[in-house]
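Below is one structure, written out as structure tokens; comments come after it.
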């Protein structure tokens with residue numbers, strides 16, 4: 006597994022950013038916009054399901070312990086209307102993903118977009134409100 | 059001190075993009091072509107097909123027959139002035155109770171007005187005298203007589219209401235009443251407004267007419283006498299997507315962090331409990 010980085014980003018830009026408004030629910034109903042998180046690890050599972058896709062990333066911390074983080078993206082249909090299909094993320098992919106932690110403090114977060122370690126490719130995975138990063 | 063990673067900065071830039079409602083300058087133009095619009099056997103315009111409604115930007119977002127979903131809210135500047143007490147009926151500060159603040163997060167229905175702007179596709183099935191709208195999001199539907207039938211005097215008050223329609227030339231006019239008091243649109247305190255609600259006196263008028271064979275002008279009039287001093291209208295467009303089909307949408311299937319309390323997935327149990 007690629008060297009793991011867990012960054013609890015506290016930069017002013019993120020703290021002052023507006024939290025995304027999701028189509029299905031209010032961002033603030035489930036996530037804490039004051040707790041951004043960015044991890045790098047290996048995708049272990051992808052759930053292409055409603056109301057939001059989820060993908061899981063195995064992340065090794067400084068002690069070597071592996072934690073499985075869950076990230077929530079856009080609804081499957083909404084992503085497919087953009088031309089983003091269910092094979093966009095696959096188990097084994099090494100990625101960096103950033104988002105905001107769930108309000109309950111668990112290892113779950115919103116996930117806005119993904120950067121692949123092998124080639125730096127960016128993939129948009131969020132809801133309707135965000136701009137698609139153009140590769 | 060933590061540093062902001064380039065990716066985090068990119069994400070911040072992304073989420074700083076405001077939700078963009080449809081506006082005339084950014085929408086497709088009707089064009090000067092005089093291609094014939096689809097018509098039914100009775101000569102009326104035929105709106106059958108799968109459409110991207112107001113919750114899309116009507117711009118391709120990838121290869122093929124794609125579009126851009128957006129979170130669209132009704133424009134405060136389009137609204138008529140509030141009646142005394144109307145603003146308090148509509149604008150409701152957050153309470154911390156998800157059922158009050160955002161019942162959609164609990165997989166409750168959008169209700170008519172929020173559904174009209176939702177970034178999910180819809181299919182219209184039309185025949186002489188009747189039109190059916192199938193909404194992808196949570197599989198809601200409206201079966202609407204188009205022959206000028208009156209409202210059902212015994213209709214219950216519901217999330218989608220009682221809709222009837224008539225023709226004004228080539229414009230289809232859909233009139234909806236009997237809506238229960240519910241969330242008005244997808245406002246989630248973005249501008250400190252809390253949530254927006256409509257009253258059970260809401261009366262909605264939708265007007266559809268073709269601009270070209272795949273583009274429809276879609277005007278929504280909001281008449282809520284408990285809240286506003288007068289009806290008001292916001293103009294949108296709908297674009298037909300010939301290759302689209304409706305997807306299944308089961309909100310309860312994987313609503314993992316409902317009300318901010320996440321369930322632990324099987325794959326997380328394996329690692330995170332060690």
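Residue numbers (the numbering used here), protein chains in the order written: chain C, 6 to 140; chain P, 59 to 332. Yeah, the Cβ is synthetic: ideal placement off N, Cα and C, and Gly gets one too.
- Residue burial is scored here from C-beta neighbours: residue 124 of chain P has at least 16 other C-beta atoms within 10 angstroms and is therefore classed as buried.
- Counting along the chain, the unbroken beta strand (DSSP E) around residue 266 of chain P starts and ends at 261-270.
- For residue 126 of chain C, not one C-beta of chain P is nearer than 8 Å to its own C-beta.
- Contact note: residue 317 of chain P reaches chain C through 34, 35, using a C-beta cutoff of 8 Å and chain order.
- Under the Cβ distance rule, residue 313 of chain P counts among the residues neighbouring chain C, one pair being separated by less than 8 Å.
- Between residue 66 of chain C and chain P, the shortest Cβ-Cβ separation is not below 8 Å.
- Take residue 304 of chain P, set aside five residues on each side of it, and the residues of its chain with a beta-carbon closer than 7 Å to its own are 108, 179, 181, 192, 194, in chain order.
- Under the three-state reduction of DSSP, residue 105 of chain P is assigned to coil, being neither helix nor strand.
- At a cut-off of 8 Å between beta carbons, residue 59 of chain C contacts chain P.
- By the Cβ criterion, the stretch 157-171 of chain P is in contact with the stretch 243-256 of chain P, since at least three pairs of Cβ atoms, one from each stretch, lie closer than 8 Å.
- The beta-carbon of residue 329 of chain P is placed less than 8 Å from the nearest beta-carbon of chain C.
- Listed along chain P, no residue sits closer than 8 Å to residue 96 of chain C by beta-carbon distance, the nearest being about 10 Å off.
- For residue 220 of chain P against residue 256 of chain P, the beta-carbon gap comes to about 15 Å, at or over 8 Å, which does not count as contact.
- Between residue 119 of chain C and residue 99 of chain C, the C-beta gap is not smaller than 8 Å, which leaves the two residues out of contact.
- Residue 91 of chain C is outside the set of residues whose beta carbon lies under 8 Å from a beta carbon in chain P.
- The stretch 297-312 of chain P and the stretch 137-144 of chain P do not touch, with fewer than three beta-carbon pairs separated by less than 8 Å.
- For residue 45 of chain C, the closest alpha carbon among the candidates C:30, C:36, C:73 is that of C:73.
- Between residue 231 of chain P and residue 200 of chain P, the CB-CB gap reaches or exceeds 8 Å.
- Within the DSSP bridge table, the entry for residue 77 of chain C names C:59, C:115 as partners.
- In the three-state reduction of the DSSP assignment, residue 248 of chain P falls in the coil class.
- In this chain, the beta strand (DSSP E) harbouring residue 293 of chain P covers 290-298.
- Each residue's CA atom was taken as its position, placing residue 70 of chain C and residue 48 of chain C some 16 Å apart.
- For residue 159 of chain P, the enclosing alpha helix (DSSP H) begins and ends at 156-159.
- Under the Cβ criterion of 8 Å, residue 294 of chain P is not counted among the residues facing chain C.
- Annotated three-state conformation of residue 176 of chain P is coil, per DSSP.
- Contact between residue 320 of chain P and residue 113 of chain C holds: CB atoms are separated by about 4 Å, below the 8 Å threshold.
- In the three-state DSSP reduction, residue 304 of chain P falls in the coil class, being neither helix nor strand.
- Of the other Cβ atoms in all chains shown, 16 or more fall within 10 Å of the Cβ of residue 313 of chain P; this residue is therefore buried.
- Proximity of chain P to residue 51 of chain C at the Cβ level (cut-off 7 Å) is not reached, the minimal Cβ distance being about 10 Å.
- Taken through DSSP and simplified to helix, strand or coil, residue 223 of chain P comes out as strand.
- Leaving aside the five residues that flank residue 260 of chain P on each side, the residues in its chain whose CB is nearer than 6 Å to its CB run, in chain order, 237, 282.
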